[in-house]
Amino acid sequence: MHKTLHITTYGCQMNVYDTQRIEEMLTVLGYVLSTKMDADIAIFNTCQIREKAEEKLFSDLGRVRLLKEQRKESGKQMTIVVAGCSAQALGGHILKRAPYVDLVVGPQTYDKLPELLAKIERARISGVGPGQGILGIGFPKISKFDKLNVPRGFHGVSAMLSIQEGCNKFCTYCVVPYTRGAEYSRPLEDILKEAQNLLKQGAKELTLLGQNVNAYSSQSPKGNTVTFSELLYRCAELEGLFRLRYMTSHPREMTQSLIQAHKEIPQLMPFLHLPVQSGSNRVLQEMNRQYTILEYETILENLREARPDIAFSSDFIVGHPGESEEDFEQTCQLAARVGYSQAYSFMYSARPGTPSALKSQLPFEIKQHRLYRLQEILHKSQLAFNISKQGTCLPVLLEKKGKKTGQLLGKTPYMQSVYVQASPELIGSIQWVEIQQGYNNSLAGSLKNRACYSLNNTVQ
Ligand code: SAH
Ligand code: SF4
Ligand code: F3S
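Each residue of the sequence shown is one higher than the one before, starting from 1 at the first, in UniProt numbering.
#1: Do PHE154 and GLN201 have their CB atoms nearer than 7 Å?
#2: Pull up the distance between the alpha-carbon of ASN168 and that of SER314, whole angstroms please.
#3: Could you tell me whether any non-hydrogen atom of ligand 3 is closer than 6 Å to the CB of VAL213?
#4: On the three-state DSSP scale, how would you describe ILE49?
#5: Just tell me which of PRO114, GLN416, VAL81 has its CA closest to the CA of ILE7.
#6: Please report the distance separating the alpha-carbon of CYS452 from that of PRO413.
#7: Distance check for THR354 and VAL459, CA to CA, integer angstroms please.
#8: I'd like the span of the beta strand (DSSP E) that includes ASP315, first residue to last.
#9: Of the choices CYS174, TYR184, GLY156, MET160, whose alpha-carbon is the least far from that of GLY166?
#10: Under a three-way DSSP split, which group does GLU434 fall into?
#11: Near ASN456, what residues of its chain come up, given a Cβ to Cβ distance below 6 Å and the 5 sequence neighbours on each side ignored?
#12: In the DSSP assignment, find the beta strand (DSSP E) that holds LEU272 and state where it starts and stops.
#13: Have a look at SER349 and TRP432 and give me their C-alpha separation to the nearest angstrom.
#14: Taking the alpha carbon of ALA118 as the reference point, which residue from THR227, GLY391, ILE377, THR79 has its own alpha carbon closest?
#15: How about VAL157 and GLY391: are their beta carbons less than 7 Å apart?
#16: Look at PRO275 and ARG180 and say whether their C-beta atoms are less than 7 Å apart.
#17: Looking at GLY438: is its Cβ nearer than 7 Å to the Cβ of ASN386?
#18: What does the alpha-carbon distance come out to for the pair VAL226 and SER217?
#19: Given a cut-off of 7 Å on the beta-carbon distance, is the pair LEU90 and GLY133 in contact?
#20: Going along the chain, which unbroken runs of the beta strand (DSSP E) with 3 or more residues stay wholly within the stretch 212–259?
#21: Please state whether the Cβ-Cβ distance between ASN440 and LEU383 is less than 7 Å.
#22: With 16 other CB atoms within 10 Å as the buried threshold, where does SER454 fall?
#23: Quickly, what does DSSP pair PHE346 with across the bridge? List them, please.
#24: Taking only heavy atoms of ligand 1 into account, decide whether any of them is closer than 6 Å to the Cβ of CYS47.
#25: Here's the rule: buried if 16 or more other CB atoms are within 10 angstroms of the residue's CB, otherwise exposed. What is GLU237?
#26: Which partner residues does THR9 have in the DSSP bridge list?
#27: Any contact between the stretch 318–331 and the stretch 294–303? By contact I mean 3 or more CB pairs, one from each, below 8 Å.
#28: Hey, quick one: how far does the beta strand (DSSP E) through ALA83 stretch, first residue to last?
#29: Using CA atoms only, rank isn't needed, just tell me which of ALA444, THR207, GLN368 is closest to CYS393.
#30: How big is the Cα-Cα spacing for LEU426 and PRO395?
#31: Return yes when the C-beta of VAL176 is under 6 Å from any heavy atom of ligand 2, and no when it is not.
#32: Taking only three categories from DSSP, how would you classify ALA203?
#33: Short check: CB of VAL175 to CB of ARG351, under 7 Å?
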């Protein structure tokens with residue numbers, strides 16, 4: 001009997017990517033993926049970014065504990081693993097608070113998972129130690145990616161590819177530099193090999209991932225520095241790549257050559273997630289973001305010059321310690337001025353160990369009220385952007401079946417989801433779609449019956 005494995009994933013795309021890699025690594029070893037949490041191995045790939053994410057972990061652990069106990073009654077075992085950013089940040093504290101957890105493993109040590117799981121198994125069979133959970137956290141010098149060495153299996157159209165991990169920016173509110181460690185960029189050749197492999201398996205779109213993806217910088221074997229924009233040009237040369245995206249970027253790293261890449265690389269999609277966090281220079285300084293609003297808006301302007309139809313998305317934090325009503329007003333004004341096509345906004349959450357957590361905190365009600373006000377502006381501008389596409393014809397990459405019969409779900413170049421009646425054989429192709437309706441979170445359109453796709457998304 002094969003052992004079953006279930007992974008619950010919280011947090012950002014980096015975790016989604018890591019989950020996929022862990023699944024691949026363990027299925028190669030004979031584990032079988034299960035959709036149920038009640039499996040032989042239950043892994044929680046955790047997020048530490050806001051308090052809510054941490055609370056969710058402990059409530060899910062409470063549930064899985066019951067499953068583990070039920071299994072025990074019927075003579076079956078369950079291994080509970082806490083992985084990801086909370087594992088790294090909380091470490092032994094998790095084992096203390098949830099002693100039924102067997103293993104806590106940080107994001108940089110996933111390559112050790114098979115070994116650690118085997119250790120737990122051996123201890124169970126022999127009845128000798130460890131008797132308590134094992135802790136596998138640390139920041140080894142060699143990246144886990146290079147040690148994993150498992151060819152990626154891939155089914156689908158749009159693939160994520162992690163190219164950079166960690167962060168050296170130390171924004172004063174953020175835990176990422178502590179949970180993911182220092183910036184590390186994968187070698188160019190490894191990235192291209194993984195990309196080629198994904199394209200061979202049918203991927204049409206690649207999203208290059210990193211906490212600070214445009215800070216990418218690696219050394220070629222000859223000792224030359226490979227910058228992020230160079231990496232984009234190299235990816236664009238790969239055969240079969242229709243679309244290229246990247247996230248998440250930091251405004252500080254939006255170099256002139258990267259902006260130029262948006263003009264020159266047809267596969268690079270006209271959509272950029274460029275988090276601003278606040279519209280107040282004073283708050284940005286408190287946050288250690290290292291740019292001013294003028295600098296940020298100049299970058300947007302230059303990007304628009306390079307690619308006139310480019311759409312922007314952002315992250316916002318409201319209620320950072322010290323944020324005055326006037327500061328917040330400036331954030332609202334910025335949001336309205338830019339006209340984001342999408343945006344994520346969060347109430348500031350004090351994270352232990354970060355400098356902002358030590359400051360005097362704003363009352364919850366103020367933060368909540370500000371969040372509602374900002375979200376109203378952001379929702380409006382998202383809807384306006386979607387409506388602005390009504391009546392236009394857009395090249396849509398069809399990705400999968402929609403919920404309704406005969407319907408497919410695809411993406412516009414601007415990352416909007418589009419529902420369209422189309423045959424499943426078209427999955428994986430780019431089709432021209434006439435947009436009929438723009439909604440809050442999606443578009444509805446109909447197929448245009450002409451094959452007029454070209455790589456730079458212009459009518460042929
Ligand atoms: N590296 C990216 C994103 C990191 S985390 C960047 O620099 O933008 C994703 C988002 O979570 C951040 O952009 C920020 O908006 C939000 N975030 C991070 N720490 C937070 C905190 N303590 N409270 C609320 N939101 C936070
Ligand atoms: Fe966190 Fe700032 Fe790094 Fe983004 S750039 S991961 S917000 S420290
Ligand atoms: Fe969360 Fe870690 Fe991502 S803290 S947002 S899972 S990098």
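Quick reminder that beta carbons are idealized off the backbone N, C-alpha and C, glycines included.
Based on what the coordinates show:
#1: The count along the sequence shown starts at 1 and reaches residue 154 at position 154. The count along the sequence shown starts at 1 and reaches residue 201 at position 201. Yes. Within cutoff.
#2: Counted from its first residue, the sequence shown places residue 168 at position 168. Counted from its first residue, the sequence shown places residue 314 at position 314. In a straight line, the C-alpha of ASN168 is about 20 Å away from that of SER314.
#3: In the sequence shown, residue 213 corresponds to position 213, counting from 1. VAL213 Cβ: outside cutoff for every heavy atom of ligand 3.
#4: In the sequence shown, counting from the first residue as 1, residue 49 sits at position 49. Coil, per DSSP.
#5: Residue 7 sits at position 7 when you count from the first residue of the sequence shown. With distances taken between Cα atoms, ILE7 lies closest to VAL81.
#6: In the sequence shown, residue 452 corresponds to position 452, counting from 1. In the sequence shown, residue 413 corresponds to position 413, counting from 1. Caution is warranted here: a pLDDT of 47 is assigned to CYS452, below 50, making its placement in the model unreliable, and no coordinate value can be reported.
#7: Residue mapping note: residue 459 aligns to position 459 of the sequence shown, counting from 1. Residue mapping note: residue 354 aligns to position 354 of the sequence shown, counting from 1. At VAL459 the pLDDT is 41, less than 50, meaning the model places this residue with poor confidence and gives no usable figure here.
#8: For the purposes of this step, residue 315 is identified with residue 315 of the sequence shown, where counting begins at 1. That run of the beta strand (DSSP E) goes 311–318.
#9: Taking the first residue of the sequence shown as position 1, residue 166 is located at position 166. Nearest of CYS174, TYR184, GLY156, MET160 to GLY166, Cα basis: TYR184.
#10: Here residue 434 refers to the residue found at position 434 of the sequence shown. In this structure, GLU434 counts as strand in the three-state DSSP scheme.
#11: Translated into positions along the sequence shown, residue 456 becomes position 456. Here ASN456 scores only 45 on pLDDT, less than 50, and its place in the model should not be relied on; the value that follows carries that caveat. Once the five neighbours on either side are set aside, the close Cβ partners of ASN456 are PRO266.
#12: Indexing the sequence shown from 1 puts residue 272 at position 272. Here the beta strand (DSSP E) through LEU272 covers 271–273.
#13: Stepping through the sequence shown from its first residue, residue 349 is reached at position 349. Stepping through the sequence shown from its first residue, residue 432 is reached at position 432. Those two C-alpha atoms are separated by around 43 Å.
#14: If you number the sequence shown from 1, residue 118 lands on position 118. The candidate whose alpha carbon is nearest that of ALA118 is THR79.
#15: For the purposes of this step, residue 157 is identified with residue 157 of the sequence shown, where counting begins at 1. For the purposes of this step, residue 391 is identified with residue 391 of the sequence shown, where counting begins at 1. Their beta carbons are not under 7 Å apart, which means VAL157 does not touch GLY391 by this criterion.
#16: If you number the sequence shown from 1, residue 275 lands on position 275. If you number the sequence shown from 1, residue 180 lands on position 180. Contact: no.
#17: By one-based count along the sequence shown, residue 438 stands at place 438. By one-based count along the sequence shown, residue 386 stands at place 386. Yes, these two residues count as a Cβ contact at 7 Å.
#18: Within the sequence shown, residue 226 is the residue found at index 226, counting from 1. Within the sequence shown, residue 217 is the residue found at index 217, counting from 1. About 6 Å.
#19: Translated into positions along the sequence shown, residue 90 becomes position 90. Translated into positions along the sequence shown, residue 133 becomes position 133. Not closer than 7 Å, so no.
#20: 217–219, 225–227, 243–247
#21: Taking the sequence shown and counting its residues from 1, the one referred to as residue 440 is at position 440. Taking the sequence shown and counting its residues from 1, the one referred to as residue 383 is at position 383. A contact, by the Cβ cut-off of 7 Å.
#22: Here the question's residue 454 lines up with position 454 in the sequence shown. Reliability fails at SER454, whose pLDDT of 45 lies under 50, so the model's placement of it is uncertain and the value that follows must be treated cautiously. So SER454 ends up on the exposed side.
#23: Locating residue 346 in the sequence shown gives position 346, counting from the first residue. Answer is ILE317, bridged to PHE346.
#24: One-based indexing of the sequence shown puts residue 47 at position 47. No - ligand 1 has no heavy atom lying nearer than 6 Å to the Cβ of CYS47.
#25: For this step, residue 237 is matched to residue 237 along the sequence shown. By the 10 Å Cβ count, GLU237 comes out exposed.
#26: Within the sequence shown, numbered from 1, the residue matching residue 9 stands at position 9. DSSP lists ASN45 as partners of THR9.
#27: no
#28: As a first step, residue 83 must be located in the sequence shown, where it is residue number 83. Note, ALA83: beta strand (DSSP E), 79–84.
#29: As a working note, residue 393 is residue 393 in the sequence shown. Here the closest residue by C-alpha is ALA444.
#30: Residue mapping note: residue 426 aligns to position 426 of the sequence shown, counting from 1. Residue mapping note: residue 395 aligns to position 395 of the sequence shown, counting from 1. Cα-Cα distance, rounded: 13 Å.
#31: If you number the sequence shown from 1, residue 176 lands on position 176. At least one heavy atom of ligand 2 is nearer than 6 Å to the Cβ of VAL176, so yes.
#32: Counting from 1 along the sequence shown, the entry for residue 203 is found at position 203. Note: ALA203 maps to coil in three-state DSSP.
#33: On the sequence shown, position 175 is the one that residue 175 refers to. On the sequence shown, position 351 is the one that residue 351 refers to. Yes. Within cutoff.
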